[in-house]
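Visitor:
There are 2 protein chains.
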Amino acid sequence: MKAIGVDLGGTNIKAAVVDKEQGIIDQVTRPTKASLGKDLLLDRIGETISDLIKDHDIIGVGLGLPGMVSKDQTTVKNPPNLPGWTVVNAAEEITKRTSLPCRIENDANVAALGSLHFGAGKQFDSFIMITLGTGVGGGIIYERKLFKGTQGMAAELGHVIIDYHGPLSNSVTRGTVEAYLGQRFLSRFASDLISQNPSNPLYKSFSDDFDKLEPVDLTNAAKKGNELAIEILAKSGHRLGYAIINYVHMMDIRKFVVSGGVSKAGDFLFEPAREVIRKQMMEPFQEGFELVAENLGNDSALLGAAGLAFDSFS
Amino acid sequence: MKAIGVDLGGTNIKAAVVDKEQGIIDQVTRPTKASLGKDLLLDRIGETISDLIKDHDIIGVGLGLPGMVSKDQTTVKNPPNLPGWTVVNAAEEITKRTSLPCRIENDANVAALGSLHFGAGKQFDSFIMITLGTGVGGGIIYERKLFKGTQGMAAELGHVIIDYHGPLSNSVTRGTVEAYLGQRFLSRFASDLISQNPSNPLYKSFSDDFDKLEPVDLTNAAKKGNELAIEILAKSGHRLGYAIINYVHMMDIRKFVVSGGVSKAGDFLFEPAREVIRKQMMEPFQEGFELVAENLGNDSALLGAAGLAFDSFS
Chain A
52 MKAIGVDLGG TNIKAAVVDK EQGIIDQVTR PTKASLGKDL LLDRIGETIS
102 DLIKDHDIIG VGLGLPGMVS KDQTTVKNPP NLPGWTVVNA AEEITKRTSL
152 PCRIENDANV AALGSLHFGA GKQFDSFIMI TLGTGVGGGI IYERKLFKGT
202 QGMAAELGHV IIDYHGPLSN SVTRGTVEAY LGQRFLSRFA SDLISQNPSN
252 PLYKSFSDDF DKLEPVDLTN AAKKGNELAI EILAKSGHRL GYAIINYVHM
302 MDIRKFVVSG GVSKAGDFLF EPAREVIRKQ MMEPFQEGFE LVAENLGNDS
352 ALLGAAGLAF DSFS
Chain B
52 MKAIGVDLGG TNIKAAVVDK EQGIIDQVTR PTKASLGKDL LLDRIGETIS
102 DLIKDHDIIG VGLGLPGMVS KDQTTVKNPP NLPGWTVVNA AEEITKRTSL
152 PCRIENDANV AALGSLHFGA GKQFDSFIMI TLGTGVGGGI IYERKLFKGT
202 QGMAAELGHV IIDYHGPLSN SVTRGTVEAY LGQRFLSRFA SDLISQNPSN
252 PLYKSFSDDF DKLEPVDLTN AAKKGNELAI EILAKSGHRL GYAIINYVHM
302 MDIRKFVVSG GVSKAGDFLF EPAREVIRKQ MMEPFQEGFE LVAENLGNDS
352 ALLGAAGLAF DSFS
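In order, the protein sequences belong to chains A and B. Yeah, the first sequence ends on 365 if you go by our numbering, and it's all consecutive. Yeah, the second sequence ends on 365 if you go by our numbering, and it's all consecutive.
#1: Using 8 Å for Cβ pairs, my map puts A:Ile-304 next to B:Gly-200. What's the rounded Cβ distance?
#2: Between the stretch 309-325 of chain B and the stretch 171-189 of chain B, can you find at least three pairs of beta-carbon atoms closer than 8 Å?
#3: Sort B:Asp-94, B:Ala-205, B:Asp-58 and B:Leu-92 by Cα distance to B:Val-79 and report the nearest one.
#4: Whose C-alpha, out of B:Ile-76, B:Gly-60 and B:Asn-63, is nearest the C-alpha of B:Leu-354?
#5: Identify the contact partners of B:Ser-246 in chain A, using a Cβ-Cβ distance below 7 Å as the criterion.
#6: Helix, strand or coil for B:Ile-281, going by three-state DSSP, please let me know.
#7: Against chain B, which members of the stretch 291-306 of chain A pass a CB distance test of less than 7 Å?
#8: Give the range of the beta strand (DSSP E) segment to which A:Thr-80 is assigned.
#9: Applying a beta-carbon distance threshold of less than 7 Å, which residues of chain A neighbour B:Tyr-215?
#10: Could you check what DSSP says for A:Asn-349 in three-state terms: helix, strand or coil?
#11: Could you spell out the range, first to last residue, of the alpha helix (DSSP H) harbouring B:Phe-257?
#12: Going along the chain, which unbroken runs of the alpha helix (DSSP H) with 4 or more residues stay wholly within the stretch 180-220 of chain A?
#13: Could you tell me which uninterrupted alpha helix (DSSP H) segments, each at least 4 residues in length, are contained entirely in the stretch 87-130 of chain A, listed from first to last along the chain?
#14: If we ignore side chains and look at the alpha-carbon of each, how far apart do A:Leu-219 and A:Leu-208 end up?
#15: What did DSSP end up calling B:Arg-329 once you bin it into helix, strand or coil?
#16: Could you round the C-beta distance between B:Lys-315 and B:Glu-341 to whole angstroms and report it? I think they count as a contact, below 8 Å.
#17: Are the CB atoms of A:Gln-202 and B:Glu-194 within a distance shorter than 9 Å?
#18: So A:Pro-335 contacts chain B; which residues on that side make the cut at Cβ distance below 7 Å?
#19: With a Cβ-Cβ cutoff of 9 Å, do A:Asn-63 and A:Leu-116 count as a contact?
#20: Identify, in the order they occur along the chain, each residue of the same chain with its Cβ nearer than 7 Å to the Cβ of A:Ser-177, setting aside the five sequence neighbours on each side.
#21: Measure from the C-beta of B:Thr-224 to each C-beta in chain A and report whether the shortest distance is under 9 Å.
#22: Taking DSSP's pairing of strands, which residues face A:Ala-54 in a bridge?
#23: Return the residue from the list A:Ala-54, A:Gly-74 and A:Ile-96 that minimises the CA-CA distance to A:Gly-61.
#24: Look up A:Arg-225 in the DSSP assignment and give the residues it is bridged to.
#25: Could you compute how far the alpha carbon of B:Val-120 sits from the alpha carbon of A:Leu-92?
#26: Is B:Lys-275 buried or exposed, if buried means 16 or more other CB atoms sit within 10 Å of its CB?
#27: Taking three-plus beta-carbon pairs below 8 Å as touching, is the stretch 317-326 of chain A in contact with the stretch 283-290 of chain A?
#28: If B:Gly-113 and B:Ala-360 are in contact, beta carbons under 8 Å, what's the gap, nearest whole angstrom?
#29: Tell me which residues share the same chain as B:Asp-108 and place their Cβ nearer than 8 Å to its Cβ, disregarding the 5 neighbours each side in the sequence.
#30: Between the stretch 235-245 of chain B and the stretch 254-273 of chain B, are three or more C-beta pairs nearer than 8 Å?
#31: Just confirm the distance between the C-beta atoms of A:Gly-111 and A:Phe-336, as a whole number of angstroms; I'd bet it's less than 8 Å.
#32: So with CB distances below 8 Å, who are the chain B contacts of A:Lys-330?
#33: Around the Cβ of A:Pro-323, are there at least 16 other Cβ atoms within 10 angstroms (buried) or fewer (exposed)?
#34: Run through the DSSP bridge pairs and tell me what B:Lys-306 is partnered with.
#35: May I have the straight-line CA-CA distance separating B:Arg-325 from B:Ala-230, to the nearest angstrom?
#36: Looking at chain A, is there any beta carbon in it that lies within less than 9 Å of the beta carbon of B:Ser-177?
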């Protein structure tokens, strides 16, 4: 069984033919050119799909994009980086152009579906995917289906509060986990601490311009035994742990898959998270708890978008 | 259609014949006598039910009790206040004694079912019930069914963290909403502030023994215009608001029904909660948000237990 997965980003449209067993078997990338407007962009997506399907028997299209997606997985509202898109039934527009059934879903949920169909989540019936990137996002898989909530907007995991006195992230909410683990916030937190430690090798590397410091630099330093880097990642891991306790106490889902750039810190982040969880999560929830890394990498969006089509049309 | 609802507490067994339209039509209360042991207690419950069903056509039994209940709603684990109960398939035991099918559920989830079938929750397909009592508990109704999570333990709402630096409640977790809004914690928080304000009327009433101060005293003082009492309830309401933001951002359920002794503070608590929510909950979740009080009172447990039977056997 084959489906088309499309990953619509601000820079590129990626599309792939995905086989349910073999994964990606054919793939194209085109620049998005979002500035040309909504209709031309939809045309470009349609043409990209039409080129790909020529040699294949395809059951349908799944499309991942930024923004809030309706519960019926057809309509997106105010997607960032796509000028002129206010409320668009993108599924219908794609079907008009390709004669294939289509469902759409936001990036974070698509990543969770990628994990469910092809990644670390394959082994779990229910799990929560946490994406630690520029922002902190997520998707909830409950009994092998996306949990969408009443209006389709569930799993704003990055905007769960762990300290109501805490700093703002890019949202209106104080002290959310994104305000600590979003890439920019983590980098800023690290820069603050490093700037007070002139003898630390990271000070020497970044004191000219702390804005260049990224989480990967912390991970690399931690691997070399830099104790300040280890401490910064550990504190961040603790905060991830508090957020995970909230998710578990709320929904009793005990499997976690973590992806995204910041997650590359691996056990420098995860072990401190597990430590907080062992200590502060209620005892009855400890049984069966697991926190694992996703390793699908960049293909995750295409695979998840195809997974959406498999779930919807097979 | 009629079912039996049973409310098994540490002090009393209450049982009622409940009509789906008319509510409670017949009711008995007996002392629990839990110290006599598990088997005799189950016998007493069985006899209580058998007495009630004589004149009625009954579809089944729903039983509410403290403790963690299995996902299939048959088995309870280590219920507090019931000595000798470790892991008990109470549903099976009741069926043996009454020849009626039976399901069990924990108190907090039963309260949510009571609201769904007979109370303020009747108007909502999905809502979260928050019980502000000695502890803070809750139940999640999603698409007119209890959301139980993977192992049946979802909705530990009182143990959701809002400040990871915060105080412990009776759990292992720091800074949970229960550590602020559980009756004892709210009273302690109030006593601390009142003890610093000797000119306040509440100081005069309680300085002999602050342990006697209860949330209802704050509400009564607030109604008389006591500004310190109003401030204490407002701060507590803000904390309730942060917890609710977490529930909404996580599950996209936007209707809240609040019950329990502390909720009698009404808008002294709810308006400050709504204020925090208007300000700090993400904009797309604001539409349709509602926070209302439950007014079923003490009947809620019996009605909810019967609701469990209606859901299970009709």
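We treat Cβ as the ideally placed atom computed from N, Cα and C, and that holds for glycine. Remember, predicted model here, so these are calculated numbers, not experimental data.
Guide: Checking against the coordinates, here is how it stands:
#1: Confirmed, about 6 Å.
#2: A contact exists between the stretch 171-189 of chain B and the stretch 309-325 of chain B.
#3: Out of B:Asp-94, B:Ala-205, B:Asp-58 and B:Leu-92, B:Asp-58 has the C-alpha closest to the C-alpha of B:Val-79.
#4: With respect to the C-alpha of B:Leu-354, the residue from B:Ile-76, B:Gly-60 and B:Asn-63 having the closest C-alpha is B:Ile-76.
#5: Ordered by position in chain A, no residue passes the 7 Å Cβ test against B:Ser-246, which lies about 24 Å from the chain.
#6: Three-state DSSP puts B:Ile-281 in a helix.
#7: Result list: Tyr-293, Ile-296, Asn-297, Tyr-298, His-300, Met-301, Met-302, Asp-303, Ile-304 and Arg-305.
#8: Per DSSP, A:Thr-80 belongs to the beta strand (DSSP E) from 74-82.
#9: In chain order: Ile-213, Asp-214 and Tyr-293.
#10: Reduced to three states, the DSSP call for A:Asn-349 is helix.
#11: Taken as a continuous stretch (DSSP letters only), the alpha helix (DSSP H) holding B:Phe-257 covers 252-257.
#12: Restricting attention to alpha helix (DSSP H) runs no shorter than 4 residues, the stretch 180-220 of chain A encloses none.
#13: Within the stretch 87-130 of chain A, complete alpha helix (DSSP H) segments of at least 4 residues are found at 89-104, given in chain order.
#14: Roughly 15 Å separates the two Cα atoms.
#15: B:Arg-329 carries a helical assignment under DSSP once its states are collapsed to helix, strand and coil.
#16: Between B:Lys-315 and B:Glu-341 a beta carbon distance of about 19 Å is seen, past the 8 Å cut, so the two are scored as non-contacting.
#17: Contact: no.
#18: What A:Pro-335 touches in chain B: Met-119 and Met-204.
#19: No Cβ-Cβ contact shorter than 9 Å links A:Asn-63 with A:Leu-116.
#20: So the qualifying residues of the chain are Ile-192, Tyr-193, Glu-194, Ile-304 and Lys-306.
#21: Yes, contact with chain A.
#22: Paired residues: A:Val-69.
#23: Per the Cα distances, A:Ile-96.
#24: Paired residues: A:Leu-219.
#25: Between the alpha carbons of B:Val-120 and A:Leu-92 lies a gap of roughly 52 Å.
#26: Counting Cβ neighbours within 10 Å, B:Lys-275 comes out exposed, since fewer than 16 surround it.
#27: Yes, the stretch 317-326 of chain A touches the stretch 283-290 of chain A.
#28: The C-beta distance from B:Gly-113 to B:Ala-360 rounds to 4 Å, short enough to fall under 8 Å.
#29: For B:Asp-108, where only same-chain residues beyond five positions count, the Cβ hits under 8 Å are Lys-53.
#30: The count of Cβ pairs closer than 8 Å, one atom from the stretch 235-245 of chain B and one from the stretch 254-273 of chain B, reaches three, so the stretches are in contact.
#31: Rounded, the Cβ-Cβ distance is 38 Å, inconsistent with contact.
#32: Listed along chain B are Val-223, each with a C-beta nearer than 8 Å to that of A:Lys-330.
#33: By the 10 Å Cβ count, A:Pro-323 comes out buried.
#34: Bridge partners of B:Lys-306: B:Glu-341.
#35: Rounded to the nearest whole angstrom, the CA to CA distance from B:Arg-325 to B:Ala-230 is 20 Å.
#36: Chain A, which has a Cβ nearer than 9 Å to the Cβ of B:Ser-177, makes this yes.
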